[in-house]
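Residue numbers (the numbering used here): 87 to 244.
Structure below.
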């Protein structure tokens with residue numbers, strides 16, 4: 087099966103998972119308000135529980151008012167009148183004030199893919215900094231090229 091073909095049993099494709107992880111990274115580590123607002127809008131396109139949960143957490147707890155309002159608006163666009171109930175169910179789950187039965191009555195999530203475990207708070211979405219893989223240094227390639235070129239010149243001049 088192709089990496090980009092979605093499978094109902096598996097949820098997101100590998101490409102979609104990488105995109106989702108990138109958006110979560112931007113939301114947690116990017117200082118640019120404009121990029122964070124774009125990440126909120128892009129996150130709302132995922133019909134995956136971790137993305138929806140993240141939007142709710144941002145709507146509840148984000149310090150930047152424009153980002154918090156954007157997350158709330160995206161949830162309102164997705165759920166309509168049910169957005170308040172969804173956000174409240176996430177708040178109660180995070181704050182531990184409600185058991186699972188009451189939460190399911192408040193907002194049933196049968197249409198959302200919950201097969202992947204979702205972290206309990208925003209700090210669980212943090213990622214280590216992106217590291218660049220070390221390759222062979224340029225100076226070593228230049229020295230090797232000079233050595234080979236010098237060997238060719240010496241061979242031709244003999």
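Beta carbons: idealized from backbone N, C-alpha and C, even for Gly.
{"query": "Would residue 228 and residue 176 qualify as a contact pair, given that the criterion is a beta-carbon distance under 8 Å?", "result": "no"}
{"query": "How many Å lie between residue 186 and residue 224 at the Cα?", "result": "Residue confidence for residue 186 is low, a pLDDT of 49 falling below 50, so the modelled location carries little weight and cannot support an answer."}
{"query": "Is it right to say residue 140 is buried, meaning 16 or more other beta carbons lie within 10 angstroms of its own, or is it exposed?", "result": "buried"}
{"query": "Return yes when the Cβ of residue 119 is within less than 8 Å of the Cβ of residue 150, no when it is not.", "result": "yes"}
{"query": "Taking only the alpha-carbon atoms, compute the straight-line gap between residue 99 and residue 110 and give it to the nearest angstrom.", "result": "16 Å"}
{"query": "Would you give the residue range spanned by the alpha helix (DSSP H) that residue 98 belongs to?", "result": "It is not in any alpha helix (DSSP H) - residue 98 carries neither H nor E in the DSSP assignment."}
{"query": "Just to confirm the assignment, what range does the alpha helix (DSSP H) spanning residue 132 have?", "result": "It is not in any alpha helix (DSSP H) - residue 132 carries neither H nor E in the DSSP assignment."}
{"query": "Going by DSSP, what residue range makes up the alpha helix (DSSP H) through residue 118?", "result": "No alpha helix (DSSP H) contains residue 118, which DSSP labels as neither H nor E."}
{"query": "Taking all protein chains shown into account, do 16 or more other C-beta atoms lie within 10 angstroms of the C-beta of residue 167, making it buried, or fewer, making it exposed?", "result": "exposed"}
{"query": "Look at the Cβ atom of residue 106, then the Cβ atom of residue 134, and state whether they are nearer than 8 Å.", "result": "yes"}
{"query": "Under three-state DSSP, which class holds residue 174?", "result": "helix"}
{"query": "To the nearest angstrom, how far is it from the Cα of residue 202 to the Cα of residue 125?", "result": "Any reading at residue 202 is ruled out, since the residue's pLDDT is 42, under 50, leaving its predicted position unreliable."}
{"query": "Which same chain residues, not among the five before or five after residue 154, have their C-beta less than 7 Å away from its C-beta?", "result": "144, 145, 148"}
{"query": "Ignore the nearest five residues each way along the sequence and tell me which others in residue 255's own chain have a CB closer than 7 Å to its CB.", "result": "A query on residue 255 cannot be resolved here, the shown segment of the chain reaching from 87 to 244 and no further."}
{"query": "Where does residue 103 fall in DSSP's three states?", "result": "helix"}
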